[in-house]
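What follows is a set of notes on a single structure, which appears directly below.
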Amino acid sequence: MTDTDKPLIEIRDLDYARGRKQIFKDLNICIDRGHVTAIMGPSGTGKTTLLRLITRQLVPDRGHVLVDGVDIATLNERELFGLRKRFGMLFQNGALLTDLSVFENVAFPLREHTKLTNRLIRHIVLTKLHAVGLRGAADMMPSELSGGMARRVALARAMVMDPEILIYDEPFVGLDPISMGVIVRLVRRMNDALGISSIIVSHDVQEVSTVADQSYLISGGKVVASGSPDELHNTSSELVRQFMHGMADGPVAFHYAAPNYAEQLLGRDAD
Amino acid sequence: MFREIWYTFLEFLRTFGALQLFFLQLLRSIPIVFVRRFRLIVHQVYNAGALSLVIVMTCGLFVGGVLGLQGHSNLARFNAEDSVGTFAAFSLLKELGPVVTALLFAGRAGTSLASEIGLMRATDQLSAMEMMATNPVRRVLVPRFLGGVIAMPMLAAVFSCVGLFGAHLVGVNLLGVDAGAFWQQIQATIGPEDVWEGIIKSFVFGIVASLLAVWEGYNAIPTAAGVGRATTRTVVITAICVLILDFMITAVAINFGD
């Protein structure tokens with residue numbers, strides 16, 4: 339099933355609603371093998387939800403998510419877990435297991451799914467921790483880490499099983515400029531050196547532009563623009579320009595729907 | 476109004492049904508967890524059991540002491556203060572041991588289970604496990620459930636023993652009941668069926684308390700307020716269920732006794 343012409347992940351005509359709120363409507367996305375694909379969009383457009391749909395933590399109301407041409411909705415639990423072993427996922431807040439040390443957190447997937455000796459596990463874990471610059475923090479507990487450090491440990495954990503597909507949920511939020519630069523380069527390097535595919539969900543336009551091969555901009559439950567970062571930057575679409583250049587005024591309202599400002603301040607809306 | 480009651484009733488049935496399915500799901504995973512993750516179970520028995528020992532023993536000692544005082548002063552009216560041992564032993568083995576231990580367990584271990592699991596959900600740890608192809612039901616829930624179920628009867632036994640010691644301390648050492656009479660009366664009246672009743676009760680309460688704690692935690696709304704609410708509900712619902720079940724088991728046991 340490693341037909342390189344076929345897209346790695348394909349999302350077809352996907353609908354998803356949470357309660358009464360329609361989050362996606364007729365969503366179509368293609369994620370190519372060996373590329374860094376960025377999914378961008380304003381807050382609240384359901385970017386994280388999309389990742390959960392891709393990994394079947396959620397099931398779409400309509401439409402399909404195909405991985406290697408197989409609809410993941412048809413997999414049974416064993417097959418699904420088999421598929422998930424090919425994924426590495428970095429959660430927004432790290433999602434480290436708080437009762438395990440940094441070392442054990444990174445070792446967790448290895449201990450769960452392999453029969454490697456302790457020596458070998460130690461070797462692998464220390465290598466991965468070294469890559470994110472936290473080899474010295476191996477014996478610390480997650481509660482002792484700063485937010486940025488926790489994210490880097492989580493990244494080491496996401497790549498410890500050498501996955502084919504790495505998924506990053508907002509990887510650049512809350513990192514200091516140094517870690518940010520390291521992580522950005524790491525994402526790109528891992529993608530090219532190990533021949534994996536990466537999916538980045540983010541609203542950090544600048545950082546994403548430097549690593550992504552292909553970007554999708556989602557708004558209002560649909561893909562409103564796609565292409566390379568340069569194409570998006572030079573687009574004529576107002577909405578895309580507003581997002582890419584961080585302008586307050588444009589098709590996407592900065593203000594959540596509200597009654598007239600002056601009227602409300604004067605208390606007239608209460609009548 | 477009737478409509479609301481009807482909907483509340485339907486909602487109750489739905490939750491109750493979901494709880495039973497959840498229970499079955501836990502039961503189904505028990506064998507594999509026993510074989511593959513025995514260490515986690517031991518760890519949870521330590522967490523739920525050993526760490527509750529101090530509170531259980533302290534309470535047991537004082538409950539036993541109160542039984543000694545009350546038993547002695549009331550039985551003295553009938554010149555039967557020698558029976559204070561029997562009185563304390565019956566109360567502890569059949570009722571107070573299992574029930575009070577279950578309530579203490581809900582307060583000490585149940586709340587910590589519920590909030591721990593609720594926070595794991597709130598911080599995406601359960602999702603992270605799923606993404607690492609690990610079933611959180613087997614890795615997190617079943618070991619904690621089993622830990623509680625195994626720890627509970629042992630805690631109840633410890634409670635009863637320490638309680639009896641407390642009753643002895645007050646009855647014999649303080650109020651001067653003859654030690655021989657104290658023990659001899661217990662030996663003559665308490666049979667294995669009384670001990671069994673206590674064991675069965677504490678076992679059932681262990682299942683109920685652990686199940687509710689794990690369930691509330693797992694289904695907690697993943698916010699600070701949601702986890703807090705789940706913790707409170709754990710204690711309240713466990714207490715209600717334990718007391719109702721205690722009545723039912725006692726009624727059955729007394730009928731069988733005749």
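Read top to bottom, the protein sequences are chains F and V. Going by this note's numbering, the first residue of the first sequence is number 339, and it counts up by one from there. Going by this note's numbering, the first residue of the second sequence is number 476, and it counts up by one from there. Heads up, the beta-carbon is just placed ideally off N, CA and C, and yes, glycines get one too.
Exercise. Within the 7 Å Cβ cut-off, does A555/V reach chain F?
Worked result: No - not a single Cβ of chain F is within 7 Å of the one on A555/V.
Problem set entry | Contact with chain F by Q600/V, beta-carbon distance below 7 Å | At a cut-off of 7 Å between beta carbons, Q600/V contacts chain F.
For this session: Let me know if D507/F comes out buried or exposed under the rule of 16 or more other beta-carbons within 10 Å of its beta-carbon.
Result: Label assigned to D507/F: buried.
For this session: Quick one: residues in its chain with C-beta nearer than 7 Å to the C-beta of M487/F, no 5 flanking neighbours on either side, listed in chain order?
Result: Apart from the 5 residues on each side of it in sequence, M487/F sits with its Cβ closer than 7 Å to the Cβ of L472, A475 in its chain, given in chain order.
For this session: Going by CA-CA distance only, name the one from N598/F, I521/F, R358/F, G512/F that's closest to S484/F.
Result: Among N598/F, I521/F, R358/F, G512/F, the Cα nearest to that of S484/F belongs to G512/F.
Exercise. With a cut-off of 8 Å, do at least 3 Cβ pairs link the segment 415-424 of chain F to the segment 573-581 of chain V?
Worked result: Contact fails: fewer than three Cβ-Cβ distances are below 8 Å.
For this session: Might you give, ordered along the chain, the residues of its own chain that have their beta carbon closer than 6 Å to the beta carbon of V440/F, omitting 5 neighbours on each side?
Result: Taken in chain order, the residues that qualify are A475, A476, M478, V491.
For this session: Decide yes or no for the touch test of the segment 378-397 of chain F against the segment 421-435 of chain F: beta carbon pairs closer than 8 Å, at least 3 of them.
Result: As far as the Cβ criterion goes, the segment 378-397 of chain F touches the segment 421-435 of chain F, which means the pair count is three or higher.
Problem set entry | Range of the contiguous beta strand (DSSP E) that encloses F362/F | First-last of the beta strand (DSSP E) with F362/F: 359-369.
Exercise. If you follow the alpha helix (DSSP H) that M487/F is part of, which residue opens it and which one closes it?
Worked result: Its alpha helix (DSSP H) spans residues 485-496.
For this session: Over the uninterrupted beta strand (DSSP E) stretch that includes Y594/F, give me the two end residues.
Result: Annotation for Y594/F: no beta strand (DSSP E) segment contains it, and DSSP assigns it neither H nor E.
For this session: Can you tell me which of E348/F, D364/F, V374/F puts its alpha carbon nearest to the alpha carbon of N529/F?
Result: Among E348/F, D364/F, V374/F, the Cα nearest to that of N529/F is on V374/F.
For this session: Using alpha carbons as the reference points, say which of V538/V, R583/V, F657/V lies closest to A688/V.
Result: The residue with the shortest Cα to Cα distance from A688/V is R583/V.
Exercise. Under three-state DSSP, which class holds D409/F?
Worked result: In this structure, D409/F counts as strand in the three-state DSSP scheme.
Problem set entry | chain F contact for Y482/V (CB, 7 Å cutoff) | Not closer than 7 Å to any Cβ of chain F, the Cβ of Y482/V fails to qualify, so no.
For this session: With DSSP collapsed to three states, give me the class of V397/F.
Result: Reduced to three states, the DSSP call for V397/F is coil.
For this session: Determine the burial state of L603/F: buried for a count of at least 16 other Cβ atoms within 10 Å of its Cβ, exposed for fewer.
Result: The Cβ neighbour count for L603/F, taken over all protein chains shown within 10 Å, is under 16; the residue is labelled exposed.
Problem set entry | Reduced DSSP secondary structure (H/G/I, E/B, other) of L494/V | Looking at L494/V - three-state DSSP - the assignment turns out to be helix.
Exercise. When you compare only the Cα positions, how much space is there between A586/F and E482/F?
Worked result: Looking at the two C-alpha atoms, the distance is approximately 38 Å.
For this session: Could you please give me the residues that DSSP links to K560/F through a beta bridge?
Result: K560/F has S557/F as its beta-bridge partners, per DSSP.
Exercise. Does any CB atom of chain F fall closer than 7 Å to the CB of A608/V?
Worked result: Cβ-Cβ to chain F under 7 Å: yes for A608/V.
Problem set entry | Span separating the alpha-carbon of G593/V from that of V710/V | Between G593/V and V710/V, the C-alpha separation is close to 15 Å.
For this session: Please report the residue range of the beta strand (DSSP E) in which R527/F lies.
Result: For R527/F, no beta strand (DSSP E) encloses it; the enclosing alpha helix (DSSP H) starts and ends at 515-531.
For this session: Run the CB neighbour count on H468/F, radius 10 Å, all protein chains shown included, and call it buried at 16 or more, exposed below.
Result: Counting Cβ neighbours within 10 Å, H468/F comes out exposed, since fewer than 16 surround it.
Problem set entry | Spatially closest choice to R457/F from G605/F, E450/F, A445/F, by CA coordinates | Among G605/F, E450/F, A445/F, the Cα nearest to that of R457/F belongs to A445/F.
Exercise. Would a check of beta-carbon distances place E450/F closer than 7 Å to chain V?
Worked result: Closer than 7 Å: yes.
Exercise. Is it buried or exposed for M339/F, if we count other Cβ within 10 angstroms and need 16 for buried?
Worked result: Any reading at M339/F must be qualified, since the residue scores a pLDDT of 45, below 50, and its modelled position is unreliable; the value itself is stated next. Here M339/F is exposed: its Cβ has fewer than 16 other Cβ atoms, across all protein chains shown, within 10 Å.
Problem set entry | Reduced DSSP category for D350/F - H, G, I as helix; E, B as strand; rest coil | Asp is not the amino acid found at residue 350/F; the sequence shown has Arg there. Three-state DSSP puts R350/F in a strand.
Exercise. Around the Cβ of L485/V, are there at least 16 other Cβ atoms within 10 angstroms (buried) or fewer (exposed)?
Worked result: L485/V should be labelled exposed.
Problem set entry | Segment limits, beta strand (DSSP E) that includes L644/V | L644/V -> no beta strand (DSSP E), and no H or E assigned at all.
For this session: Could you have a look at H541/F and say whether DSSP puts it in helix, strand or coil?
Result: Three-state result, H541/F: coil.
Problem set entry | N-terminal and C-terminal residue of the beta strand (DSSP E) that I503/F is part of | Run containing I503/F: 503-507, per the beta strand (DSSP E) assignment.
Exercise. Among Y554/F, P597/F, A595/F, which residue has its Cα nearest to the Cα of L577/F?
Worked result: Of Y554/F, P597/F, A595/F, the residue nearest in Cα terms is Y554/F.
Exercise. Is there a Cβ from chain V that is less than 7 Å from the Cβ of I347/F?
Worked result: Judged by the 7 Å Cβ criterion, I347/F is not in contact with chain V.
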